[in-house]
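Those protein sequence lines, which keep their order, are chains H and E. Read in order, the letters of the first sequence correspond to residues 497 to 611 in the working numbering. Read in order, the letters of the second sequence correspond to residues 707 to 818 in the working numbering.
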Amino acid sequence: NAGVMQNPRHLVRRRGQEARLRCSPMKGHSHVYWYRQLPEEGLKFMVYLQKENIIDESGMPKERFSAEFPKEGPSILRIQQVVRGDSAAYFCASSRTGGPYGGYTFGSGTRLTVV
Amino acid sequence: QQQVKQSPQSLIVQKGGISIINCAYENTAFDYFPWYQQFPGKGPALLIAIRPDVSEKKEGRFTISFNKSAKQFSLHIMDSQPGDSATYFCAASWGGAQKLVFGQGTRLTINP
Chain H
497 NAGVMQNPRH LVRRRGQEAR LRCSPMKGHS HVYWYRQLPE EGLKFMVYLQ KENIIDESGM
557 PKERFSAEFP KEGPSILRIQ QVVRGDSAAY FCASSRTGGP YGGYTFGSGT RLTVV
Chain E
707 QQQVKQSPQS LIVQKGGISI INCAYENTAF DYFPWYQQFP GKGPALLIAI RPDVSEKKEG
767 RFTISFNKSA KQFSLHIMDS QPGDSATYFC AASWGGAQKL VFGQGTRLTI NP
């Protein structure tokens, strides 16, 4: 049973380009969460999605960032017009039931570097 | 306040010793306190978690101590091993919330 799959593992983008990060949750999990980890810091919540719905996007920057979790396919975190400050590790987690009480399962992350 | 403060930032312990990492919070609505372990290049993995109705939870060499009145909780790793070298994060959540608030992390090194 594969865990949470994130790709790519590493992504380099020039300033002004778009970054697309993909996350396939564990089988049977319909709840997806995105977190961002800046160097030497803890993880910060960005957004929580269920299939075709954004439930909580309180941690998402107001501009340039968007997320989706379509009926078919992986969840996508999209960053438009990337800037150097977007360089971070982006982690996706999934759960069978909503919330962390049953234990999130995190993917290995996508390391985004903006040059 | 939706913050969890973690200390120390880094910790070096000899093999066989006890590693202790502390966290403090302000929001009394928090009702779930997990610890995560992260190895380089990997995502965080749930290690152990506690609810505020108990003061201690033990799983193998890992123990969470919880002090509700002081709003503090800590992770104790007994008989620390080199394989325990990793970054540890405390976190907290509250009823109805779908997200975790993480501490800043502690980089633990166990010397052989």
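Positions of the beta carbon are idealized from the N, C-alpha and C atoms, including for glycine. None of the values given here were measured: they were computed from a predicted structure.
Under 8 Å from the C-beta of residue i: neighbouring residues of chain H
i         : result
E:Ser-799 : Gly-595, Pro-596, Tyr-597
E:Phe-795 : Gly-538, Leu-539
E:Gln-787 : Per Cβ cutoff of 8 Å: no residues; E:Gln-787 is ~23 Å from chain H at best.
E:Ala-730 : Correct list: empty, because the minimum Cβ distance to chain H is about 14 Å.
Chain-ordered chain H contacts of residue i [CB-CB under 9 Å]
i         : result
E:Lys-763 : Correct list: empty, because the minimum Cβ distance to chain H is about 14 Å.
E:Gln-810 : Glu-536, Glu-537, Gly-538
Cβ-based burial, residue i [other Cβ within 10 Å; buried from 16]
i         : result
H:Lys-547 : exposed
H:Asp-582 : buried
H:Phe-565 : buried
E:Ile-756 : buried
E:Ser-716 : exposed
Chain A within 9 Å of residue i, Cβ atoms only
i         : result
E:Leu-752 : Going by chain labels, chain A is absent from the structure shown, which instead holds the protein chains H and E.
Closer than 8 Å: residue i CB and nearest the ligand SAM heavy atom
i         : result
H:Thr-601 : What this structure holds is no ligand at all, so the ligand SAM is not there to describe.
Within chain H, partners of residue i - CB distance below 7 Å
i         : result
E:Gln-778 : The premise fails here: E:Gln-778 is roughly 17 Å from chain H at the closest Cβ pair, so nothing lies under 7 Å.
E:Pro-746 : Those do not exist, as E:Pro-746 stays about 11 Å from chain H at its closest Cβ, beyond 7 Å.
Check whether residue i and residue j have beta carbons under 9 Å apart
i         : j         : result
E:Lys-805 : H:Tyr-544 : yes
E:Ser-771 : E:His-782 : yes
E:Thr-812 : E:Ser-713 : yes
E:Leu-752 : H:Tyr-600 : yes
E:Tyr-831 : E:Phe-779 : As displayed, chain E neither begins before 707 nor continues past 818, which places residue 831 of chain E out of reach and without an answer.
E:Ser-786 : E:Gly-722 : yes
E:Gln-720 : E:Thr-793 : no
H:Arg-580 : H:Arg-511 : yes
Proximal chain E residues relative to residue i, where beta-carbon distance stays under 7 Å
i         : result
H:Gly-605 : Gly-749
H:Tyr-474 : The shown model of chain H, from 497 to 611, leaves out residue 474 of chain H, and the question about it has no answer.
8 Å contact criterion, which residue i and residue j should meet: CB distance rounded
i         : j         : result
E:Gly-789 : E:Ala-797 : So it is not a contact: roughly 22 Å between Cβ atoms.
H:Gly-594 : H:His-525 : That pair is no contact at about 11 Å.
H:Ala-515 : H:Ile-572 : H:Ala-515 to H:Ile-572, Cβ: 10 Å. No contact.
E:Pro-750 : E:Lys-774 : Going by Cβ atoms, the distance from E:Pro-750 to E:Lys-774 rounds to 25 Å, so no, they are not a contact pair.
H:Val-588 : H:Val-508 : This sequence places Cys at residue 588 of chain H; Val is not what is there. 19 Å between Cβ atoms; not a contact.
Chain E contact residues for residue i, given Cβ-Cβ distances below 9 Å
i         : result
H:Tyr-529 : Gln-804, Lys-805, Leu-806
Residues within the segment 541-575 of chain H neighbouring chain E, beta-carbon criterion of under 7 Å: Within the segment 541-575 of chain H, the residues whose Cβ lies closer than 7 Å to some Cβ of chain E are Phe-541, Tyr-544, Ile-551, Asp-552, listed in chain order.
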